[in-house]
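A.B. asks:
2 protein chains.
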Amino acid sequence: MSKGVEWAAHACAVLAPLWPDRGLSLAALAEFHGVPAPYMAKQMQALAQAGIVKGGRGRSGFYALAKAPAEITLLDILKAIDGDEPMFRCTEIRQNGPCGSKPEDCRLPCSIAAGFARAEAAYRDSLARVDLVTLNRSVAAQLGLDKIMSAGAWVAENLRSRQ
Amino acid sequence: MSKGVEWAAHACAVLAPLWPDRGLSLAALAEFHGVPAPYMAKQMQALAQAGIVKGGRGRSGFYALAKAPAEITLLDILKAIDGDEPMFRCTEIRQNGPCGSKPEDCRLPCSIAAGFARAEAAYRDSLARVDLVTLNRSVAAQLGLDKIMSAGAWVAENLRSRQ
Ligand code: FES
Ligand code: FES
Chain A
4 MSKGVEWAAH ACAVLAPLWP DRGLSLAALA EFHGVPAPYM AKQMQALAQA
54 GIVKGGRGRS GFYALAKAPA EITLLDILKA IDGDEPMFRC TEIRQNGPCG
104 SKPEDCRLPC SIAAGFARAE AAYRDSLARV DLVTLNRSVA AQLGLDKIMS
154 AGAWVAENLR SRQ
Chain B
4 MSKGVEWAAH ACAVLAPLWP DRGLSLAALA EFHGVPAPYM AKQMQALAQA
54 GIVKGGRGRS GFYALAKAPA EITLLDILKA IDGDEPMFRC TEIRQNGPCG
104 SKPEDCRLPC SIAAGFARAE AAYRDSLARV DLVTLNRSVA AQLGLDKIMS
154 AGAWVAENLR SRQ
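For the protein sequence lines, the chains are A and B, in the order given.
For what it's worth, the working numbering labels the leading residue of the first sequence as 4, then goes sequentially.
For what it's worth, the working numbering labels the leading residue of the second sequence as 4, then goes sequentially.
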């Protein structure tokens with residue numbers, strides 16, 4: 004998995020309380036997370052491509068969530084950054100060799116491939132249950148009020164909004 | 004995920020009915036699966052390292068399962084071939100930037116990292132539920148009697164066993 008998933012998820016978590024009409028510039032997002040702006044830009048572009056954030060262009064531009072935080076999950080963010088390929092790739096090895104199955108007998112997935120597909124479905128289902136509202140509730144519980152207030156103050160100072 | 008996982012899982016499935024004292028040579032395993040022997044060798048060595056198969060050395064050597072098929076799961080095979088690293092790597096980005104948390108406030112995993120860890124646990128739990136007995140029952144149901152008989156005949160001809 005690419006490292007950008009962590010950055011993208013954190014960026015979405017910071018943007019969530021600002022939805023629908025406020026956001027942060029690329030520079031602010033990069034500074035808040037202490038990562039180089041070009042790296043952050045790459046993730047934000049991927050999130051924009053996937054319809055998770057919008058904006059970002061121009062000097063006064065800013066990134067904001069493109070839909071409600073409750074409608075964005077860790078799975079959406081992972082897919083935006085890392086794509087949607089299955090982890091296990093079946094090359095139909097069962098059709099090889101002296102006892103290989105005929106293609107017409109291989110309409111159902113191989114039991115081994117099916118086992119991996121079920122596991123991947125469990126993985127994705129679990130990520131799909133964590134939306135940004137759920138996530139930020141647990142972030143808040145973990146950070147505590149002091150920390151949230153000071154982060155909130157920094158965000159307020161760097162806020163951009165639609166006029 | 005490396006392609007060897009598919010090969011290794013298929014090799015284990017073929018060896019399962021031969022446990023405990025019979026097995027197949029590397030050449031037979033490669034031929035049965037229609038893959039080059041050096042590729043198959045690499046997977047078998049990784050499986051041996053993980054204690055899943057044993058043997059393989061020498062001209063008359065053969066690979067056999069090293070433990071009961073019911074005690075070998077798709078998770079064991081995946082870990083043998085691809086290692087045991089988590090997919091999501093948290094770089095503690097929450098400690099970065101103007102509002103970063105102090106290390107001493109980061110004893111619990113970040114909520115984002117925890118979300119990914121839960122999903123990976125679900126993935127692994129699912130793979131851990133598919134042992135080679137369960138797997139081969141579903142392979143048998145899918146292949147049908149004819150196919151199994153002819154594969155069985157090929158395996159019987161190529162069988163090696165402890166004297
Ligand atoms: S043929 Fe691909 S996993 Fe079995
Ligand atoms: S600090 Fe690594 S996922 Fe949050």
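Ideal Cβ positions, reconstructed from N, Cα and C, are used throughout, including at glycine.
Cβ of residue 140 (chain B) within 6 Å of any heavy atom in ligand 1?
C.D. replies: no
A.B. asks: Between which two residues does the beta strand (DSSP E) holding residue 163 (chain B) run?
C.D. replies: 162 to 164
A.B. asks: Pick helix, strand or coil for residue 118 (chain A), following the three-state DSSP scheme.
C.D. replies: helix
A.B. asks: Have a look at A:164, A:103 and A:23 and flag the residue whose alpha-carbon is nearest the alpha-carbon of residue 73 (chain A).
C.D. replies: Among A:164, A:103 and A:23, the Cα nearest to that of residue 73 (chain A) belongs to A:23.
A.B. asks: Which same chain residues end up closer than 7 Å to residue 33 (chain A) when comparing Cβ atoms and leaving out the 5 residues on each side of it in sequence?
C.D. replies: Cβ within range, chain order: 39, 40 and 43.
A.B. asks: Name the chain A residues that come within less than 9 Å of residue 28 (chain B), Cβ to Cβ?
C.D. replies: Simply none; closest approach about 14 Å.
A.B. asks: Between which two residues does the alpha helix (DSSP H) containing residue 67 (chain B) stretch?
C.D. replies: Per DSSP, residue 67 (chain B) belongs to no alpha helix (DSSP H); it is in the beta strand (DSSP E), 66 to 68.
A.B. asks: Taking only beta carbons into account, state which residues of the segment 25 to 51 of chain B come closer than 8 Å to chain A, listed in chain order.
C.D. replies: Answer in chain order: 34, 35, 36, 37 and 38.
A.B. asks: At 3 residues or longer, and completely inside the segment 25 to 112 of chain A: list those beta strand (DSSP E) runs for me, N to C.
C.D. replies: Correct list: 25 to 27, 56 to 58 and 66 to 68.
A.B. asks: Determine whether the Cβ of residue 100 (chain B) lies closer than 7 Å to any Cβ atom of chain A.
C.D. replies: yes
A.B. asks: Taking buried to mean at least 16 other C-beta atoms within 10 Å of its own C-beta, is residue 46 (chain B) buried or exposed?
C.D. replies: buried
A.B. asks: Is residue 97 (chain B) a contact residue of ligand 2, with contact defined as CB to any heavy atom under 6 Å?
C.D. replies: yes
A.B. asks: Could you tell me whether the Cβ of residue 4 (chain B) comes closer than 7 Å to any Cβ of chain A?
C.D. replies: yes
A.B. asks: Select from B:12, B:123, B:11 and B:17 the residue whose C-alpha is nearest the C-alpha of residue 155 (chain B).
C.D. replies: Closest by alpha carbon: B:17.
A.B. asks: Going by beta carbon distance, what residues of the same chain come within less than 7 Å of residue 97 (chain B), once the five residues before and after it are set aside?
C.D. replies: 103, 104, 109 and 113
A.B. asks: Taking only the alpha-carbon atoms, compute the straight-line gap between residue 117 (chain A) and residue 117 (chain B) and give it to the nearest angstrom.
C.D. replies: 27 Å
A.B. asks: Residues of chain B with CB under 7 Å from residue 8 (chain A), in chain order?
C.D. replies: Neighbourhood of residue 8 (chain A) in chain B, by CB distance below 7 Å: 91, in chain order.
A.B. asks: Taking all protein chains shown into account, do 16 or more other C-beta atoms lie within 10 angstroms of the C-beta of residue 67 (chain B), making it buried, or fewer, making it exposed?
C.D. replies: buried
A.B. asks: Which residues in the same chain have their Cβ closer than 7 Å to the Cβ of residue 58 (chain A), if we skip the five residues on either side of it in sequence?
C.D. replies: 26, 64, 65, 66 and 67
A.B. asks: Of all the options B:101, B:14, B:6 and B:134, which has the alpha carbon lying nearest to the alpha carbon of residue 76 (chain B)?
C.D. replies: Of the listed residues, the one whose Cα sits closest to residue 76 (chain B) is B:134.
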